[in-house]
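One structure is given below, encoded as structure tokens.
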Amino acid sequence: VVVPPEGYLKKVRDICTKNNVLLIADEIQTGLCRTGKMFCYQHEGIHPDVLLLAKALGGGCAPISIVLGSKKTMSVFTPGSHGSTFGGNPLACAIATASLDVLVEEGLADRAVEMGGHFMQGLKDMNIPFVKEVRGKGLLIAIQLDESAGPARKYTEALMRNGLLAKETHVHTIRFAPPLTITKEQIDEALGIIRKVFTGQL
């Protein structure tokens, strides 16, 4: 989880446009309200040429992925030039439509901002010496450990043993991506587990 500095994506968009290069936004993990907007690219007010979505689109009930693109970009495909054995599954598409309705009607983008802010502040307030950085956007959050702490895996395994799932990435990073419906009480419970694991109490 690395949050680009403000203006970064706008500059990338400008460079791609200037050089006639497609800007493809892979929002499989960052899209669908996770970072506090329906799509992460919206934080910079840009528009990619191609947008990739999956996972959350199925609401945890069905596997589905989609490729969205501008009319100009997608016009390279003609009927029959591209296909997919399982493309357009009616059940998966119905579930995706319902998932999108829930995301919008329940205001889950705003909820990600509120709950993510609470979670990140709680992590920062722990002041654990070997935590170099707490970063993220919305409910996509990472803790960067100092190398002296050892690999993140031992911490994620301890968290798991105590009822909290997190993902270690790139050796010294722990990623948290809780459900968008998480409550403050659940976040506080998670913070308690994290604190105890980091201070050697669990």
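Numbering (my numbering), first residue to last: 862 to 1063. Cβ atoms here follow ideal geometry from the backbone N, Cα and C, with glycine treated the same way.
Hey, residue i and residue j: beta-carbon distance below 8 Å or not?
i, j, result
"V873", "L884", "yes"
"T1034", "Q1005", "yes"
"F1059", "F980", "no"
"I889", "L912", "no"
Which residue comes first and which comes last in the beta strand (DSSP E) that contains residue i?
i, result
"A1003", "1001-1006"
"R996", "992-998"
Could you tell me if residue i is buried or exposed, where buried requires 16 or more neighbouring beta carbons within 10 angstroms of its beta carbon?
i, result
"E966", "exposed"
"A959", "exposed"
"M1021", "exposed"
"R972", "buried"
"Y1016", "buried"
My output table needs one value for residue i: the three-state DSSP class, helix, strand or coil.
i, result
"G1011", "coil"
"S960", "helix"
"P951", "helix"
"G906", "coil"
"E967", "coil"
Based on DSSP bridge pairs, tell me the residues matched to residue i.
i, result
"I927", "L914"
"I1035", "I1004, E1029"
"D887", "L913"
Under DSSP, the alpha helix (DSSP H) around residue i begins and ends at which residues?
i, result
"I876", "869-879"
"K1057", "1045-1059"
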